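Asker:
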Amino acid sequence: GEDVEQSLFLSVREGDSSVINCTYTDSSSTYLYWYKQEPGAGLQLLTYIFSNMDMKQDQRLTVLLNKKDKHLSLRIADTQTGDSAIYFCAEWGAGGGNKLTFGTGTQLKVEL
Amino acid sequence: EADIYQTPRYLVIGTGKKITLECSQTMGHDKMYWYQQDPGMELHLIHYSYGVNSTEKGDLSSESTVSRIRTEHFPLTLESARPSHTSQYLCASSGRPGVNEQFFGPGTRLTVL
């Protein structure tokens, strides 16, 4: 497909794990990213993964990459209320272009 | 982490006014970008620059214009604002070849009445 696709909404309980999924467009994209956007703010880079990696872990965040299926996921362990935000995945280099292509965004709501 | 600033944070103006949204970064990044974010959350690239005196249009057609006279400064101008320009405008910069991670400013929320 032409779009980087994400589920619109995810709700989890505090303390549970959250998994946000993304399907990107081009298996030749070199880097894939996860950004977080809180209300009224810009995007904050959370982590990125190079396309020749399968997994990257950074504290509570785990990124999994399935290049064959063009599937990227972000797992947040021990989800906290402060994790409530919109999460965007992005790919660099889709179609040979030198640009970032963003996903549609997933709104994560963490409930007590 | 890059320091990137946008002013104003919020702007409410009438139709037909000329406006300039400011974006500055202090990290010496060569590449800078403007995105428009609609209420449905998607980001659309409207302008980018790879260095001084270099500007290009992005994927989404926009009536705005940009300039890049100094490395640290990438202002966006609307000559005659219309209600259809109401949106969130996000500026970003990047400076690391290969990884190309972009750092974002806080955004300007523009409302045109």
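Just so you know, the sequences run in chain order A and B.
Just so we're aligned: 310 in this note's numbering is position 6 of the first sequence, and the numbers increase by one with no gaps anywhere.
Just so we're aligned: 261 in this note's numbering is position 52 of the second sequence, and the numbers increase by one with no gaps anywhere.
The C-beta atom is built at its ideal place from N, Cα and C for all residues, glycine as well.
Computed from a prediction, not measured in an experiment: that's the story for all the values here.
(1) With 16 as the cutoff for other CB atoms within 10 Å, does M241/B come out buried or exposed?
(2) To the nearest angstrom, report how far apart L404/A and E395/A are at their CA atoms.
(3) Find out if the Cβ-Cβ distance for the pair L378/A, I353/A is shorter than 7 Å.
(4) Within the chosen definition, does the stretch 278 to 298 of chain B reach the stretch 367 to 387 of chain A through at least 3 CB pairs nearer than 8 Å?
(5) Using 7 Å as the threshold, is the C-beta distance between H238/B and S303/B below it?
(6) So within the stretch 247 to 308 of chain B, which uninterrupted beta strand (DSSP E) runs reach at least 3 residues, ignoring any that extend past its ends?
(7) Name, please, each residue of chain B whose Cβ falls closer than 9 Å to the Cβ of F406/A.
(8) Could you name the residues that DSSP lists as bridge partners for T366/A?
(9) Against T299/B, what residues of chain A qualify as contacts under a CB-to-CB distance less than 8 Å, listed in chain order?
(10) Keeping to the same chain, check which residues put their C-beta closer than 7 Å to that of A398/A; ignore five residues upstream and five downstream.
(11) At a CB-CB cut-off below 8 Å, which residues of chain B make contact with W396/A?
(12) How would you list, in chain order, the residues of chain B whose beta-carbon sits under 8 Å from the beta-carbon of K360/A?
(13) Quick check on I213/B: buried or exposed, where buried means 16 or more other Cβ atoms within 10 Å of its Cβ?
(14) Could you compute how far the alpha carbon of L319/B sits from the alpha carbon of T224/B?
(15) Pull the bridge partners of L412/A from the DSSP assignment, please.
(16) Going straight from the alpha carbon of K413/A to that of S315/A, what length do you get?
(17) Starting from K340/A, follow the beta strand (DSSP E) in both directions and report where the run begins and ends.
(18) Tell me the DSSP secondary structure of G225/B in three-state form.
(19) On the DSSP bridge list, what partners appear for K240/B?
(20) Can you check whether the C-beta of Y352/A is within less than 7 Å of a C-beta belonging to chain B?
(21) Do you know how far the Cα of S289/B is from the Cα of H375/A?
Answerer: In short:
(1) As a working note, residue 241/B is residue 32 in the second sequence. Result: buried.
(2) The residue labelled residue 404/A in the question sits at position 100 within the first sequence. The residue labelled residue 395/A in the question sits at position 91 within the first sequence. Rounded to the nearest whole angstrom, the C-alpha separation of L404/A and E395/A is 6 Å.
(3) Stepping through the first sequence from its first residue, residue 378/A is reached at position 74. Stepping through the first sequence from its first residue, residue 353/A is reached at position 49. Going by C-beta atoms, L378/A is not nearer than 7 Å to I353/A.
(4) no
(5) Counting from one through the second sequence, the residue named residue 238/B turns up at place 29. Counting from one through the second sequence, the residue named residue 303/B turns up at place 94. Contact: yes.
(6) Correct list: 252 to 260, 263 to 266, 285 to 287 and 296 to 303.
(7) Numbered from its first residue, the first sequence carries residue 406/A at position 102. Here the neighbours are Y244, E251, L252, H253 and L254.
(8) Numbered from its first residue, the first sequence carries residue 366/A at position 62. Its beta-bridge partners are Q361/A and R379/A.
(9) Position 90 of the second sequence, counted from the start, is the residue given in the question as residue 299/B. Just to set this straight, residue 299/B is Leu in the shown sequence, not Thr. By Cβ distance, chain A contributes G346 and L347.
(10) On the first sequence, residue 398/A is found 94 positions in, with the first residue counted as 1. Take A398/A, set aside five residues on each side of it, and the residues of its chain with a beta-carbon closer than 7 Å to its own are T329, D330, S333 and T405, in chain order.
(11) In the first sequence, the residue the question calls residue 396/A occupies position 92. N309, listed in chain order.
(12) Position 56 of the first sequence holds residue 360/A. Listed along the chain, the chain B residues whose CB falls inside 8 Å of the CB of K360/A amount to none; the nearest CB is some 13 Å away.
(13) Here residue 213/B refers to the residue found at position 4 of the second sequence. Counting Cβ neighbours within 10 Å, I213/B comes out buried, since at least 16 surround it.
(14) Taking the first residue of the second sequence as 1, we reach residue 319/B at position 110. Taking the first residue of the second sequence as 1, we reach residue 224/B at position 15. Cα to Cα, L319/B sits roughly 12 Å from T224/B.
(15) What you label residue 412/A is simply residue 108 of the first sequence in a count that begins at 1. Partner(s): L314/A and A389/A.
(16) Looking up residue 413/A in the first sequence gives position 109. Looking up residue 315/A in the first sequence gives position 11. Straight-line Cα distance between these residues: approximately 5 Å.
(17) Looking up residue 340/A in the first sequence gives position 36. First-last of the beta strand (DSSP E) with K340/A: Y335 to Q341.
(18) Against the second sequence, residue 225/B aligns to sequence position 16. The answer is coil: DSSP assigns G225/B none of H, G, I, E or B.
(19) Within the second sequence, numbered from 1, the residue matching residue 240/B stands at position 31. BP columns for K240/B point to S303/B.
(20) The residue you call residue 352/A lines up with position 48 of the first sequence. So, interface residue.
(21) Position 71 of the first sequence, counted from the start, is the residue given in the question as residue 375/A. Position 80 of the second sequence, counted from the start, is the residue given in the question as residue 289/B. Cα-Cα distance, rounded: 42 Å.
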